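A short write-up of the structure that comes next.
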Amino acid sequence: MEANGEASVVPAEAHLVFGDRAEVAATFVATLASHGVERGLIGPREVDRLWDRHVLNSAVLQERVPTGARVIDVGSGAGFPGLPLAIARPDLDIVLLEPMARRVDWLAEVADLLDVPVTVERGRAEEKGVRRRIEAADVVTARAVAPLARLAEWCLPLVRPSGTLLALKGQTAADEIERDRAAVRRLGGGEPKIERCGVGVLATPTTVVAIERVESGAPGVARRRARKKH
């Protein structure tokens, strides 16, 4: 299947978000458009929406990620938000965590094609073996993975103390915070905050729920490792 429609046109916003790496992002979009549907990574209707709904929507998350940070992208799937983030910010140490073998294969292939500095790991964030194997991160990202309380349960143990979980959410973000605030606190998170990424760049900015990992709450990998350093 050939790349077609809007997927083959590099939008002006891409140059603002990716800078001189916009062509790398364009290669990623073209690869998804030509192989993503046939490999079951995206639906046919998503091809013409790859730039705005997926790639740019993910890449603007870089606004909330410190320079040189270690990042774990939970449930990377077709590569969102991890691969666009890696393209935009080659300074980051990014781990793409994905449980499905065929998606792991895809992520590894595309990372090699794009020559982006990521590590691809197979597994689920909630698995004890994964938490033992993967070093905790400054930032953990997740997009369309689970409701907020469950996401906090799975992901906060992978966040270092004072690090941040960044959950890409939609219009239900405020409702999820209201419903799951107490659960997030019990699980070791601070007050969930809604942030907007890509304001002034994207027609529809990305909605992100940011949760800081605090010292209180259920102990996780990050806290155990922090104590070992003292």
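Per this note's numbering, the sequence shown runs over residues 2 to 231.
Glycine residues also receive a C-beta, built at the ideal position from the N, C-alpha and C atoms.
Given the structure is predicted, the values throughout are model-derived calculations rather than measurements.
Next item on the list: Would you list, in sequence order, the uninterrupted alpha helix (DSSP H) runs of no fewer than 4 residues that lie entirely inside the segment 39–102?
Entry: 57–60 and 83–89
Notebook entry, point to check: From His16 to Val131, what distance separates their C-alpha atoms?
Noted result: 36 angstroms
Check: Below 9 angstroms between beta carbons: does that hold for Ala34 and Pro85?
Finding: no
Notebook entry, point to check: Relative to the alpha-carbon of Arg180, which residue among Pro193, Cys156 and Pro162 has its alpha-carbon at the smallest distance?
Noted result: Pro193
Notebook entry, point to check: Would a C-beta distance cut-off of 9 angstroms place Ala70 and Val18 closer than the cut-off?
Noted result: no
Check: Nearest-angstrom Cα distance between Glu128 and Leu159?
Finding: 11 angstroms
Checklist line | Beta-bridge pairing of Lys129 - partner residues as DSSP gives them | finding: Answer is none; Lys129 lacks a bridge partner.
Next item on the list: Could you round the C-beta distance between Ala147 and Leu166 to whole angstroms and report it? I think they count as a contact, below 8 angstroms.
Entry: Not really, about 12 angstroms apart at Cβ, beyond 8 angstroms.
Check: What did DSSP end up calling Pro158 once you bin it into helix, strand or coil?
Finding: helix
Margin query: Can you give me the C-alpha to C-alpha distance between Gly44 and His36, rounded to a whole angstrom?
Written below: 11 angstroms
Check: Gly164 and Val141: beta carbons closer than 9 angstroms?
Finding: yes
Check: Are the beta-carbon atoms belonging to Gly83 and Ile95 less than 9 angstroms from one another?
Finding: yes
Item checked: Nearest residue (CA-CA) to Arg161, options Ala143, Ala137, Ala150 and Glu196 -> Ala137
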